[in-house]
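Chains as they are written, first to last, in our numbering: chain B, 1 to 304; chain H, 305 to 507. Just so it is clear, CB atoms sit at the ideal spot from N, CA and C, and this is done for glycine as well. So the structure is just underneath, and the comments pick up after that.
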């Protein structure tokens, strides 16, 4: 009598539990990813970690989103959090133009398809405080390379949105609107220079410069223009908004430099938000190893 | 005890005017104390306390300067009794403001503080305002008034210098938006004009 044979599954066919779980996770991620395309506002942005990130403890999301300088929404630190809801970030386009072979107008959702990275950067405000912010974004260089800058392009100008209906702070002539910033082309192409579209894993809150902003971590915060609509490659050094407002106080470079004081206050130390005691400010905000060579031979007192 | 009828006629508000103003002048400090219990002081608590105590020092200073014009305008003589207390509250908040800076901003690094006072015009102005206030606070007692006689009033004209230095201190610290310093400056200009114009007329 043949022995009863229970039809079984050979062990070789059984999926190891770890693999099974990782497949589930993959499907979940995929579903979340699809949801992300459908409803970007609620989604976590897919971003890989970056070796450029600092291991320092992060500033809280609450502080990052409620202590802002974004004069388009008022000059008080709490104003942007209260006022920025009036900013409409979709549809939104960014024009890359000027001295480039391939000018283009990019839809911001297309820009979100650039490989995104999480970059945890120190941010040092010219006012003497600092934060550690987990940005999500991609190198500005990736976008500029697509545009193919011409040999004559020496500088990049960034222009923020100008719409007093959406940006109530622009109804007062506090600054010469729209906000303009600029970088030398080599600064713009530096791998640290980021176009940020998110922070803390999600899309940028309006008060932090949604939908897309610049982050240049070795320069004072105001260099990192918010809510950008135009990126223009030019031959002459652009006149930035703060240079126009107070040329003796804000230079084109505005690299973080503890040795060069603001004419009205010291830049030697900073208060890290969330900390009580002040800490010394580092040259180039601690990114000197990566960027100091850009300024070799330059008198940083003159080119402040 | 004297019979009430022999006393000079008392204004009905006299009894509670001073205590009410006293408590009102303490509310900004009480507010800071309450906010400090939670996260109410925001992302940068030291900056919040510095700005708040500085603002209230200036407010009480301007209110002090408003007493005499207000008394002339309304004929409500009882207001004069508030002047010393209001002036001392201005000094009290200015002291808190200075202490916040010395302690929580500079952590008593006297070399750094000295450099700040010399190099930063807004700190020079703030320190000037405080140093000019000091003799006024010290001579605010009845005994000192009697001892100094006519010189007391001369000395206390320093308060105009204090107010001008304080407004400059505020204006020079602001990065871009001068709205508030200009507002305080305008109030001060009005209060100075309220004194200057009658004085010029008398000449």
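Query: Any Cβ of chain B within less than 8 Å of the Cβ of residue 319(H)?; Result: no
Query: According to the neighbour-count rule (16 or more other Cβ atoms, all chains shown, within 10 Å of its Cβ), is residue 285(B) buried or exposed?; Result: buried
Query: Fully enclosed by the segment 178-227 of chain B, which alpha helix (DSSP H) runs are 4 residues long or longer?; Result: 185-188
Query: If you drop the 5 nearest sequence neighbours on each side, which residues of the same chain put their C-beta closer than 7 Å to that of residue 171(B)?; Result: 164
Query: Between residue 412(H) and chain B, is the shortest Cβ-Cβ distance under 8 Å, so that the two count as touching?; Result: no
Query: The beta strand (DSSP E) that contains residue 351(H), what's its start and end?; Result: Element bounds for residue 351(H): not the beta strand (DSSP E) but the alpha helix (DSSP H), 349-378.
Query: For residue 243(B), would you say it is in contact with chain H, using Cβ-to-Cβ distances shorter than 8 Å as the test?; Result: no
Query: Please list the segments of the alpha helix (DSSP H) lying wholly inside the segment 260-292 of chain B, counting only runs of 4 or more residues, in order along the chain.; Result: 288-291
Query: For chain B, is any of its Cβ atoms less than 8 Å away from the one on residue 358(H)?; Result: no
Query: How big is the Cα-Cα spacing for residue 260(B) and residue 281(B)?; Result: 11 Å
Query: Buried or exposed for residue 302(B), please, with buried defined as at least 16 other CB atoms from any protein chain shown within 10 angstroms of its CB.; Result: exposed
Query: With a cut-off of 8 Å, do at least 3 Cβ pairs link the segment 189-201 of chain B to the segment 111-121 of chain B?; Result: yes
Query: With a cut-off of 8 Å on the beta carbons, I'd call residue 134(B) and residue 203(B) a contact; round off their distance for me.; Result: About 13 Å separates the two Cβ atoms, so there is no contact after all.
Query: Identify whether residue 137(B) lies in helix, strand or coil by the three-state DSSP scheme.; Result: strand
Query: I'd like to check one pair, residue 48(B) with residue 201(B): are the Cβ atoms closer than 8 Å?; Result: no
Query: What does residue 66(B) touch in chain A if you count any residue whose Cβ is under 9 Å from its own?; Result: Of the chains in the structure shown, none is chain A; the protein chains are B and H.
Query: Out of 272(B), 182(B), 167(B), 158(B), point me to the one whose CA is closest to residue 237(B)'s CA.; Result: 182(B)
Query: Quick check on residue 306(H) - is its C-beta less than 8 Å from some C-beta in chain B?; Result: Its pLDDT being 48, under 50, residue 306(H) is placed unreliably by the model, and the measurement read from it follows with that caveat. Output row for residue 306(H): interface = no.
Query: How about residue 85(B) and residue 206(B): do their beta carbons lie closer than 8 Å?; Result: yes
Query: Can you tell me the Cβ-Cβ gap for residue 122(B) and residue 217(B), rounded? I've got them flagged as a contact below 8 Å.; Result: 6 Å
Query: Please state if the CB of residue 398(H) and the CB of residue 370(H) are separated by a distance shorter than 8 Å.; Result: no
Query: Which residues in chain H sit within 8 Å of residue 175(B), going by Cβ to Cβ distance?; Result: 480
Query: Would you give the residue range spanned by the alpha helix (DSSP H) that residue 62(B) belongs to?; Result: 61-66
Query: Once DSSP output is grouped into helix, strand and coil, what is the label at residue 132(B)?; Result: strand
Query: Who are the Cβ neighbours of residue 318(H) in its own chain at under 7 Å, not counting the five residues just before and after it?; Result: 382
Query: With distance defined between alpha-carbon atoms, name the residue in 507(H), 359(H), 353(H), 451(H) nearest to residue 404(H).; Result: 353(H)
Query: Out of 422(H), 394(H), 392(H), which one is the CA nearest neighbour of residue 264(B)?; Result: 422(H)
Query: Under 7 Å between beta-carbons, which chain B residues line up against residue 424(H)? List them in chain order, please.; Result: 264, 265
Query: Applying the criterion that 16 or more other CB atoms from any shown protein chain within 10 Å of the CB defines a buried residue, is residue 147(B) buried or exposed?; Result: buried
Query: Using a Cβ-Cβ cut-off of less than 8 Å, give me the residues of the segment 68-100 of chain B that come near chain H, in sequence order.; Result: 71, 75, 77, 78
Query: Would you kindly work out how many angstroms separate the C-alpha atoms of residue 178(B) and residue 87(B), rounded to a whole number?; Result: 15 Å
Query: On a Cα-Cα basis, can you pick out the residue from 59(B), 190(B), 187(B), 162(B) that is closest to residue 241(B)?; Result: 162(B)
Query: Tell me whether residue 35(B) sits in a helix, a strand or coil according to DSSP, three-state version.; Result: For residue 35(B), the predicted structure reports a pLDDT of 46, less than 50, and the residue's modelled location is therefore unreliable. The matter cannot be settled from this model.
Query: Pick out whichever of 155(B), 273(B), 128(B), 184(B) has its Cα sitting closest to the Cα of residue 295(B).; Result: 184(B)
Query: Whose CA, out of 107(B), 156(B), 258(B), lies closest to the CA of residue 231(B)?; Result: 156(B)
Query: Tell me whether residue 191(B) is buried or exposed, calling it buried when 16 or more other Cβ atoms sit within 10 Å of its Cβ.; Result: exposed
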